[in-house]
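Colleague:
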Amino acid sequence: MSDPSVAMKTACPDKPPLLEVRDLKVHFPIYSGLLRRKTDSFKAVDGVSFSIPAGKTVGLVGESGSGKTTIGRTLVKLISPTSGTAFWKGTEILSMSEKEFRPLRRKIQYIFQDPFGSLNPRMTVGKIIGEALEIHFANLDRTQRADRVESLLQRVGLKGEMMHRHPHEFSGGQRQRIGIARALAVEPEFLICDEPVSALDVSVQAQIVNLLQDLQEELGLALLFIAHDLAVVEHISDFVLVLHRGKIVESGPARNVLEHPIDPYTRDLLAAVPCLEEPLLS
Amino acid sequence: MNTLMLARKFRAMNKLLLILTMALGFFGIYAIYSATWMRDTPFWTSQIRWLLICFPVFFFISFTDYRWVRMGAVPIYIVSVILLILVFFIGVKVFGARSWLNLGFGNFQPSQMAIFGGVLIFALFLNDSQEMNPVFRILICLTLTAVPCVLILIQPYLGGTLVWLPVLFAMLFVAGVQVRYLVTLFLLGVALIPLVVNFGLKPYQKDRILIFLDPSLDPRGAGWTINQSLNAIGSAGFWGKGFKAHNTLNELGYLPSTIVHTDFIYSVFGEQHGFIGAILLISSFAALLLSGLYIASQAQDQLGRLLAVGIVMLLFTHVFMNIGMTVAVTPITGLPLPLVSYGGSFLLITMACLGLLQSIWIHRKLVY
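As they're listed, the protein sequences go chains H and G. For the record, in the first sequence the residue sitting at position 115 is 115 according to this note's numbering, with numbers rising by one throughout. For the record, in the second sequence the residue sitting at position 64 is 64 according to this note's numbering, with numbers rising by one throughout.
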């Protein structure tokens, strides 16, 4: 299999990589025995390399437990890598201290899978989004922050006055929009979308995916779109990485990979997608 | 008892306790209405009916010299034990526990009567056994506790059993049993906890303890109620969301509708009236309990003092456990909030207790 970084650069020669990951490994120790000694390790991510150009979407697909979320979380330093490097505009980020990395947290934002668990149920939406502004835009006063929250909510298709409500007053799709608004609040350049639609109804999934595409177009965002739904990935991604047991088994432009898969695992993954029989469709 | 004497006794009542009793009783109707106004069953009207039954009982007990306990403690205790046994044969099962007797016009929980009977019999025994060896006093009290507690535990109603222990400890302390015996008894109880947890509790009761230790363990399952309760109170802010506010966790059904007017009424109130409402309610209970302790300190005899302390401890345990479980300070035990939670039998017992406190106050000096 070709190096996905090289393949990506070839596919998008005009776009310099915003993020470049090289030989990333994340191994989790396995402890056993009476003294809980480390006896083995689980290779969640095992030598993964890829790059993401500015303004493009890279889809990361694979079955549950293949290491997709681990890659996303490692890139925002929620998980420490075992080895490997990641370059943000040419600067290595994985070895940075928390203090050094803090300014970059504004640039790299994360949208979580669970729209029910990712918002603080005891805060209003205005406070949830405003908190991010308070940290990263400390010069804004209360009124400016409220105006900013209002416009962010409108940008993701919600009403400004909804900022006074609590998360439980929203549907799953609306909560995910709030999660997106929170991520956008700090004007990021790169969004890691960790299965953002997998907990939602199909009709709502389409709305969220379209919203992400519109925002990407409008703001020039780069996206790492983690998903196991291949139809969604094909719809949104320019480039696809197929992950299996912590390794990338196939990569390339989305249409190529999903219409003409080479690796048997990718074929199995595609074959596992349920489809309606023709008589039913008619 | 003629009218003149009644008027004298009414004037001699502890006014603070009377006002708080009335206020919390009426507040209970408001709280039940605000928790259930969006539902079909009018629980608040049923609570009004119970309150109308309870007020005469309260005044009757208040104006009757509390020394009737000398004659009444043993029969009440025995009748409550018989009722607890009857529950197994003709009891009504509610939410998995066979704890109720159907009286035709409503359900009655004999375990509430049993703890009232327990306070009376402890007071009587501890008052009459001051010369007895403390070990025997403790052993006899434990035996008196064990009989109803085992019957209540089998129902199963863990909260109804737990409430006996602080009451017994407080009354033993006031009865003059030396602290070293009480510490020993306490340590023995602590040592028994692992045995009780591993062999005495049902799986759902163990879950409640695990969830108490870490509410995030199973937020969509066993930890649902406590997490929603924390969210309801935590999201209310300083002033709360307001009376009959829309889109509250209660109205939207996040807080289970079966318990919002009983065990989790504080969560609903906390969500609607925020920090300021919660402080006011807790302060009211604090004033009520302190009035009770003041009455204990002013009691004419040891029997009155023991009764007052037992009643205060009984009410305190309910308030502490109930509010505590809604804010994850104590495990979920299903104890109601006195005067506020929906429920006739507990309201009746609470009113009887408060009436007894008033009686101890009224009859402390005057000879009627």
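Note that the Cβ used here is the ideal one computed from N, Cα and C, for glycine as well.
May I ask you to report which of helix, strand or coil DSSP gives ILE135/H?
Modeller: Correct three-state label for ILE135/H: helix.
Colleague: Could you tell me whether the Cβ atoms of ALA236/G and GLY274/G are closer together than 8 Å?
Modeller: Yes.
Colleague: Jot down the residue ranges of each uninterrupted alpha helix (DSSP H) in the region 80–114 of chain G, minimum 4 residues, whole runs only, in chain order.
Modeller: Fully enclosed alpha helix (DSSP H) runs of 4 or longer: not present.
Colleague: Just checking my contact of LEU306/G with LEU17/G at CB under 8 Å: how many whole Å lie between their CB atoms?
Modeller: At roughly 18 Å, the Cβ-Cβ gap does not stay under 8 Å, so LEU306/G and LEU17/G are not in contact.
Colleague: Mind checking which residues open and close the alpha helix (DSSP H) that includes TYR31/H?
Modeller: Per DSSP, TYR31/H belongs to no alpha helix (DSSP H); it is in the beta strand (DSSP E), 17–32.
Colleague: What would DSSP say about TYR254/G, mapped onto helix, strand or coil?
Modeller: Coil, per DSSP.
Colleague: Bridge partners for ILE191/H per DSSP, in chain order?
Modeller: This sequence places Leu at residue 191/H; Ile is not what is there. LEU191/H pairs with GLN109/H and LEU223/H.
Colleague: Helix, strand or coil for GLU92/H per DSSP?
Modeller: In the structure shown, GLU92/H sits in a strand (DSSP, three-state: E or B).
Colleague: With a CB to CB cut of under 7 Å and the five nearest residues on each side skipped, what residues in its chain are close to SER359/G?
Modeller: Only ILE61, SER62, THR64, ASP65 and TYR66 meet the Cβ criterion.
Colleague: Tell me whether GLU250/H sits in a helix, a strand or coil according to DSSP, three-state version.
Modeller: Strand at GLU250/H.
Colleague: Short check: CB of ALA181/H to CB of LEU153/H, under 8 Å?
Modeller: A contact, by the Cβ cut-off of 8 Å.
Colleague: Determine the burial state of LEU252/G: buried for a count of at least 16 other Cβ atoms within 10 Å of its Cβ, exposed for fewer.
Modeller: Exposed, since its Cβ has fewer than 16 Cβ neighbours within 10 Å.
Colleague: Can you have a look at GLY104/G and say buried or exposed, based on whether 16 or more other CB atoms are within 10 angstroms of its CB?
Modeller: Classification of GLY104/G: exposed, given that the 10 Å Cβ count is below 16.
Colleague: Assess, as a yes-or-no matter, whether the region 216–231 of chain H is touched by the region 244–256 of chain H under the definition of 3 or more beta carbon pairs within less than 8 Å.
Modeller: The region 244–256 of chain H is not in contact with the region 216–231 of chain H.
Colleague: Please return the same chain residues whose Cβ sits closer than 6 Å to the Cβ of THR161/G, not counting the five positions on each side in sequence.
Modeller: Only CYS149, ILE152 and LEU153 meet the Cβ criterion.
Colleague: Would you kindly check if the distance between the Cβ of TYR266/G and the Cβ of ILE311/G is under 8 Å?
Modeller: No, the pair does not count as a contact, with Cβ atoms beyond the cut-off.
Colleague: Mapping DSSP to helix, strand and coil, what is LYS206/G?
Modeller: In the structure shown, LYS206/G sits in a helix (DSSP, three-state: H, G or I).
Colleague: How big is the Cα-Cα spacing for LEU168/G and ALA278/G?
Modeller: C-alpha separation (whole angstroms): 29 Å.
Colleague: Would you say TYR33/G reaches chain H, if we count a Cβ-Cβ gap shorter than 8 Å as a contact?
Modeller: Judged by the 8 Å Cβ criterion, TYR33/G is not in contact with chain H.
Colleague: Report yes or no: is there a C-beta of chain H within less than 8 Å of the C-beta of GLY270/G?
Modeller: Judged by the 8 Å Cβ criterion, GLY270/G is not in contact with chain H.
Colleague: Using a Cβ-Cβ distance under 8 Å, would LEU255/G count as near chain H?
Modeller: For LEU255/G, the answer is no, since every Cβ of chain H falls outside 8 Å of its Cβ.
Colleague: Mind checking PHE42/H: buried by the 16 CB within 10 Å criterion, or exposed?
Modeller: Its Cβ having fewer than 16 others within 10 Å, PHE42/H is exposed.
Colleague: Comparing C-alpha positions only, which one of PHE186/G, LEU201/G, ARG220/G and SER34/G sits nearest to LEU165/G?
Modeller: Among PHE186/G, LEU201/G, ARG220/G and SER34/G, the Cα nearest to that of LEU165/G belongs to PHE186/G.
Colleague: Quick one: residues in its chain with C-beta nearer than 7 Å to the C-beta of GLN205/G, no 5 flanking neighbours on either side, listed in chain order?
Modeller: So the qualifying residues of the chain are LEU158.
Colleague: Does the region 177–197 of chain H come within contact of the region 105–122 of chain H, defined as at least 3 CB pairs closer than 8 Å?
Modeller: Because the criterion of three Cβ pairs below 8 Å is met, the region 177–197 of chain H and the region 105–122 of chain H touch.
Colleague: PRO264/H: buried (16+ other C-beta within 10 angstroms of its C-beta) or exposed?
Modeller: Flag for PRO264/H reads exposed.
Colleague: Just confirm the distance between the C-beta atoms of GLY172/H and VAL204/H, as a whole number of angstroms; I'd bet it's less than 8 Å.
Modeller: GLY172/H to VAL204/H, Cβ: 7 Å. Contact.
Colleague: Please classify GLY90/H: is it buried, with 16 or more other beta-carbons within 10 angstroms of its beta-carbon, or exposed?
Modeller: Flag for GLY90/H reads exposed.
Colleague: From LYS95/H to GLY47/H, what distance separates their C-alpha atoms?
Modeller: The displayed chain sequence assigns Ser, not Lys, to residue 95/H. The straight-line gap from Cα to Cα measures roughly 17 Å.
Colleague: Between which two residues does the beta strand (DSSP E) harbouring VAL177/G extend?
Modeller: Element bounds for VAL177/G: n/a, residue is neither H nor E.
Colleague: Any chance you could list the alpha helix (DSSP H) runs of at least 4 consecutive residues sitting entirely within the region 110–162 of chain G, in chain order?
Modeller: Runs of the alpha helix (DSSP H) inside the region 110–162 of chain G: 110–128, 134–154 and 158–162.
Colleague: Go through its chain and collect everything with a Cβ distance to LEU288/G's Cβ below 6 Å, but skip five positions before and after it.
Modeller: The residues are LEU20.
Colleague: DSSP three-state call for VAL76/H: helix, strand or coil?
Modeller: Residue state, collapsed to three classes: coil.
Colleague: Is LYS9/G helix, strand or coil when you go by DSSP?
Modeller: Correct three-state label for LYS9/G: helix.
Colleague: I'd like to know if the region 110–123 of chain G and the region 341–354 of chain G are in contact, where contact means that at least 3 CB-CB pairs between them fall below 8 Å.
Modeller: The region 110–123 of chain G vs the region 341–354 of chain G: in contact.
Colleague: Taking a cut of 7 Å between CB atoms, which residues from the region 218–240 of chain G lie near chain H?
Modeller: Per Cβ criterion, the list reads ASN231, GLY234 and SER235.
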